[in-house]
Amino acid sequence: MNKITILQNGRIIDPANKVDTKGDLWLQNDRIMAPESSIPADASCINLQGHWIVPGLIDMHVHLREPGEEYKETIASGTLAAATGGFTAVACMPNTRPVNDTASVTRFILEQASQASARVYPVGAISKGSGGIGLAEYGELKAAGVVAVTDDGLPVIDSQLMRRALEYAASHGLLVISHAEEMALSRNGVMNEGLVSTRLGLRGIPVEAEAIMVYRELALAELTGHHVHIAHVSTAVATDLIRQAKKRGLKVTAETAPHYFTLTEEAVAGYNTNAKMNPPLRTEMDRQAIRLGLQDGTLDTIATDHAPHSILEKKVEFDRAANGIIGLETSLPLSLALVRDGLIEAMRLIELMSTAPARILGVAGGALAIGDVADITVIDPERQFVLTEDAIVSRSKNTPFLGWPLQGKAVLTFVGGRLTYDDLPR
Amino acid sequence: MNKEYRFQHKHLLEMGQLSAEDMLYILAIARSFKEISARSIKKVPTLRGKTIINFFFEPSTRTRLSFEIAAKRMSADTFNVSASTSSAQKGETLIDTARNLEAMNPDIIILRHPSSGSSMLLSQHVNASIINAGDGTHEHPSQGLLDLMTVMEHKGRIEGLTIAIIGDIAHSRVAHSDIIGFTRLGAHVRVAGPATFMPSQVESLGAKVCATTAEAVAGADVVMALRIQQERQHDPLIPSLREYACFYGVNRKLLELAHKDVLIMHPGPINRGVEMSPDVADGTGSVILEQVANGVAIRMALLYLIMGGDKGGVAN
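Order-wise, the sequence lines are chains S and P.
Sequential numbering from 1482 applies to the first sequence in our numbering.
Sequential numbering from 9 applies to the second sequence in our numbering.
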């Protein structure tokens, strides 16, 4: 069956092809097609006046919790949350139970994902069981469908193992993602070290815990000549290290999350466990530095570090609460604020949220050229809504943005031409 | 005192929630209650029929007993639940345990717990009033108040005094409450100790960090030594107790630098010969046991005020 959909009168933003123009985008089945001279009788037309038409958003850092912690999230619920937030693809971290360190776990994830509302790119473990000793089988993992490796949640403590991971992963064409944390400095810490941790009597994590490990990863990237991707950058000092490394031509990419450019450590006040994450929320100075890093290209992509936890892990004493917040359904409005604030252009935002992660992961999407896969997000940049617990699609509700008035929302999400989310008033 | 003043707090979670006026009012009420403990029949009927639960997740002799005596002298019924006898041992969460206590209709729950913020958490999930009897490394407000009371009794004022606190500021909830309390009432607080004992940006609380104990103690009206809390230290902060005693212990020689009428304080329990030499603890100017006595009066005042004492007037 031949199905043609025409997205009409939208603002088409396609950073990969340097396009930002008003117009129509034609889809034929699962691909973007060249417009024809007349509209076929059986085509379905959608008027998108006032909307943005962009390549599907890609979140390269999410925790889908399946297998093992399905009470927090499943591949089905997590990808539905992704579609709701305008994401057409996510890369899922390997710290499930069991850890995704073997082809059989990868195959299970992909099988579950075959019915999902977004493309799922599994990320494998750097070390067996993410235990920090011995490499996982990257060749097998890659063959099964893994796009990158990381021990996310934990750093690779052993520098030699990290070096070998960079070398061996390169041989198999896999990206290495670093959770950069010097554990000796961060151990037992539950929030950023500083004024607020002192006031609340909570054990702090200094910014240097991130900076020291980011420096090591950059040094190892230099030593090996291979690409390293730094996950969830939270500090000014790490941003600056990455900026310097890029200037020297090192193969490094980096991501940050919306909470690091939106919130500061003050969000922890009142012992709010929904503001507890690792790395922790930092100071206003760090927040500003992250924003500048997104503006000047030091930070390549916005990823959510979507980390669902149930009230079992969150409605407890602060120091006993689990780290992490959900992010898929708030990433777009929080990131659109960067455009509204005049910090970046819309084109740069879509680069950060789609084109760059596609390029870093080496996956389809991120562009709107004829013949490209029809992974498309339609955004209403004006739509206002208040985030409520009932409206959250993710199985977990752990977000510090509950009750926040937000602006900007995905209204249509297409994955391979298939509509996975529809909130467009007609 | 403003005639319109009313004590408005349902819970006592931290010194930070109290205005200077609140603190002075609590001290005034405590002063009037202190006499009850000196009577031969040490009991007033003020809180008759009230149920107070001492919910203690950490070992405590002094604080728990002090609250219990305070409650009993006010004729409240008191019950003690400790971590080893509570269902926390069976994996029940703090909130669940508290809700079960709540179902038995206590009026006040007094909580001591190793997690900072635990009192605030509890206050959000139960209807009873919560008094924080020490939460992690955050605060111990009733101790802060009894320290204020003790200094006030001897000096007649807090404003303008110089208070030196020596020791493990980072891990001391008492220091935290004292710094807030004394500075809010206009005293100058100095802190000293090895840098490993100083919390990040402690100046933000209003304390001045001194490089040496001598600098902190010079001309001080009050010198307080803090207990070295071995049990709370996750990493090596000092090489040995011996070295600590040599460089940071409060002894007679150090006190020669202080004001001649210096008060010596310690929140207890004392490691004698470590943070304070025995002759100092027992010598002139030491008000350590008065702190304990005042603790009962302060806690009587807190129970009374939190139960809305003002509205009914003080019963004799």
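Built from N, CA and C at the ideal position, the CB exists for glycine as well.
By how many angstroms is the C-alpha of Pro1906/S removed from the C-alpha of Leu1744/S? For the purposes of this step, residue 1744/S is taken as the residue at position 263 of the first sequence. For the purposes of this step, residue 1906/S is taken as the residue at position 425 of the first sequence. A straight-line Cα-Cα distance of about 32 Å links Leu1744/S and Pro1906/S.
Chain-ordered residues of the segment 1664 to 1683 of chain S with a beta carbon less than 8 Å from chain P: For the segment 1664 to 1683 of chain S, the set of residues with a beta-carbon nearer than 8 Å to any beta-carbon of chain P comprises Arg1668, Asn1669, Glu1674, Gly1675, Leu1676, Ser1678, Thr1679, Arg1680, Leu1681, Gly1682 and Leu1683, in chain order.
Is Asp1495/S helix, strand or coil when you go by DSSP? Counting from 1 along the first sequence, the entry for residue 1495/S is found at position 14. When secondary structure is reduced to three states using DSSP, Asp1495/S falls in the strand class.
Please classify Leu1815/S: is it buried, with 16 or more other beta-carbons within 10 angstroms of its beta-carbon, or exposed? Within the first sequence, residue 1815/S is the residue found at index 334, counting from 1. The residue is buried, with at least 16 neighbouring Cβ atoms inside 10 Å.
Report yes or no: is there a C-beta of chain S within less than 7 Å of the C-beta of Gln209/P? Position 201 of the second sequence, counting from 1, holds the residue named residue 209/P. So, interface residue.
Just the C-alpha distance for Asn324/P and Ile272/P, rounded to the nearest angstrom, thanks. In the second sequence, the residue the question calls residue 324/P occupies position 316. In the second sequence, the residue the question calls residue 272/P occupies position 264. Caution applies to Asn324/P, whose pLDDT of 36 falls short of 50 and renders its modelled position unreliable; the model cannot decide the point.
Going straight from the alpha carbon of Phe64/P to that of Val89/P, what length do you get? Within the second sequence, residue 64/P is the residue found at index 56, counting from 1. Within the second sequence, residue 89/P is the residue found at index 81, counting from 1. Cα to Cα, Phe64/P sits roughly 6 Å from Val89/P.
Partner residues on chain S for Arg107/P, Cβ-Cβ distance less than 7 Å: Position 99 of the second sequence holds residue 107/P. By Cβ distance, chain S contributes nothing, its closest Cβ being about 12 Å from Arg107/P, past 7 Å.
Short-range partners of chain S found in the segment 204 to 237 of chain P, where Cβ spacing is below 7 Å: Answer in chain order: Pro207, Ser208, Gln209, Val210, Ser212 and Leu213.
In angstroms with no decimal places, state the Cα-to-Cα distance between Gly316/P and Asp1777/S. Along the second sequence, read from residue 1 onward, the residue named residue 316/P stands at position 308. Along the first sequence, read from residue 1 onward, the residue named residue 1777/S stands at position 296. Inter-residue distance for Gly316/P and Asp1777/S is about 58 Å (C-alpha atoms, whole angstroms).
Count the other CB atoms within 10 Å of the CB of Cys1573/S; is the residue buried (16 or more) or exposed (fewer)? Translated into positions along the first sequence, residue 1573/S becomes position 92. Buried: at least 16 other Cβ atoms inside 10 Å.
Cβ shell of Arg1645/S (< 8 Å), same chain only, five flanking positions each side left out: Translated into the one-based positions of the first sequence, residue 1645/S becomes position 164. Cβ within range, chain order: Leu1616.
Runs of 4 residues minimum, wholly inside the segment 212 to 249 of chain P: which ones carry the alpha helix (DSSP H) assignment? If we require 4 residues or more, the alpha helix (DSSP H) runs fully inside the segment 212 to 249 of chain P come out as 221 to 225.
Per the DSSP calculation, Thr170/P is bridged to which residue(s)? To locate residue 170/P, count along the second sequence from 1; it is residue 162. The partner list for Thr170/P (beta bridge, DSSP) reads His196/P.
Do you know how far the Cα of Leu129/P is from the Cα of Ala1717/S? By 1-based counting over the first sequence, the position of residue 1717/S is 236. By 1-based counting over the second sequence, the position of residue 129/P is 121. Cα-Cα distance, rounded: 32 Å.
In this structure, how does DSSP classify Ile138/P when only helix, strand and coil are distinguished? As a working note, residue 138/P is residue 130 in the second sequence. Looking at Ile138/P - three-state DSSP - the assignment turns out to be strand.
Mind checking Asn302/P: buried by the 16 CB within 10 Å criterion, or exposed? By 1-based counting over the second sequence, the position of residue 302/P is 294. Asn302/P should be labelled buried.
Nearest chain P C-beta to Gly1685/S closer than 7 Å, yes or no? Within the first sequence, residue 1685/S is the residue found at index 204, counting from 1. Proximity of Gly1685/S to chain P, defined by a Cβ-Cβ separation below 7 Å, is satisfied.
Unbroken beta strand (DSSP E) runs of length 3 or more, entirely within the segment 1530 to 1584 of chain S: which are they? If you keep only unbroken beta strand (DSSP E) runs of at least 3 residues inside the segment 1530 to 1584 of chain S, you get 1533 to 1536, 1538 to 1543 and 1568 to 1573.
In chain S, which residues lie with their C-beta within 8 Å of the C-beta of Met128/P? Working through the second sequence from its first residue, we reach residue 128/P at position 120. Met128/P reaches chain S at Gly1751 and Tyr1752, counting residues in chain order whose Cβ is nearer than 8 Å.
Alpha carbon to alpha carbon, what distance is there between Pro1603/S and Leu1591/S? Within the first sequence, residue 1591/S is the residue found at index 110, counting from 1. Within the first sequence, residue 1603/S is the residue found at index 122, counting from 1. Answer to the nearest angstrom: the Cα atoms are 8 Å apart.
Using the rule of at least 16 other Cβ atoms within 10 Å of the residue's Cβ for burial, across every protein chain shown, is Arg280/P buried or exposed? Your numbering for residue 280/P matches position 272 in the second sequence. So Arg280/P counts as exposed.
Can a CB atom of chain S be found closer than 7 Å to the CB of Ser150/P? Counting from 1 along the second sequence, the entry for residue 150/P is found at position 142. Not closer than 7 Å to any Cβ of chain S, the Cβ of Ser150/P fails to qualify, so no.
Our contact map puts Asp176/P next to Gly201/P with C-beta atoms below 8 Å; I'd like the distance itself, whole angstroms only. Position 168 of the second sequence holds residue 176/P. Position 193 of the second sequence holds residue 201/P. Taking 8 Å as the upper bound for CB-CB distance, Asp176/P and Gly201/P are in contact here, some 6 Å apart.
Report yes if the C-beta distance between Thr1569/S and Tyr1902/S is below 7 Å; otherwise report no. Counting from one through the first sequence, the residue named residue 1569/S turns up at place 88. Counting from one through the first sequence, the residue named residue 1902/S turns up at place 421. Not closer than 7 Å, so no.
With distances taken between CB atoms, is the gap from Val1820/S to Leu1830/S smaller than 7 Å? In the first sequence, residue 1820/S corresponds to position 339, counting from 1. In the first sequence, residue 1830/S corresponds to position 349, counting from 1. In contact: Val1820/S and Leu1830/S (Cβ atoms closer than 7 Å).
Leu1773/S to Glu110/P span [Cα, whole Å]: Residue numbering aside, residue 1773/S sits at position 292 when the first sequence is read from its first letter. Residue numbering aside, residue 110/P sits at position 102 when the second sequence is read from its first letter. So the two alpha carbons sit approximately 50 Å from each other.
If we define contact as Cβ-Cβ less than 7 Å, is Phe1799/S a contact residue for chain P? Translated into the one-based positions of the first sequence, residue 1799/S becomes position 318. Yes, its Cβ sits closer than 7 Å to a Cβ of chain P.
Just list the residues that DSSP pairs Tyr1902/S with in beta bridges. Numbered from 1 along the first sequence, position 421 holds the residue referred to as residue 1902/S. DSSP output for Tyr1902/S lists Thr1894/S as bridge partner(s).
Who are Asp1501/S's beta bridge partners in DSSP? For this step, residue 1501/S is matched to residue 20 along the first sequence. BP columns for Asp1501/S point to Ile1494/S.
Helix, strand or coil, according to DSSP, for Ser1598/S in the structure here? Counting from one through the first sequence, the residue named residue 1598/S turns up at place 117. Here DSSP, grouped into helix, strand and coil, assigns Ser1598/S to coil.
What do you reckon, are the CB atoms on Ile1658/S and Ala1712/S nearer than 7 Å? Counted from its first residue, the first sequence places residue 1658/S at position 177. Counted from its first residue, the first sequence places residue 1712/S at position 231. For Ile1658/S and Ala1712/S, yes; Cβs fall inside 7 Å.
Does DSSP put Ser90/P in a helix, a strand or coil? As a position in the second sequence, residue 90/P is number 82, starting the count at 1. Ser90/P: strand per DSSP, three-state reduction.
In angstroms with no decimal places, state the Cα-to-Cα distance between Gly1559/S and Ser83/P. Residue numbering aside, residue 1559/S sits at position 78 when the first sequence is read from its first letter. Residue numbering aside, residue 83/P sits at position 75 when the second sequence is read from its first letter. One C-alpha to the other measures close to 56 Å.
Give me the residue from Ser1877/S, Lys1890/S, Ala1839/S and Val1874/S with the minimum Cα distance to Pro1536/S. In the first sequence, the residue the question calls residue 1536/S occupies position 55. Checked all of Ser1877/S, Lys1890/S, Ala1839/S and Val1874/S; the closest Cα to Pro1536/S is Ala1839/S.
Can you pull the DSSP bridge partners for Asn62/P? Within the second sequence, numbered from 1, the residue matching residue 62/P stands at position 54. In the DSSP assignment, Asn62/P is bridged to Asn88/P and Ile118/P.
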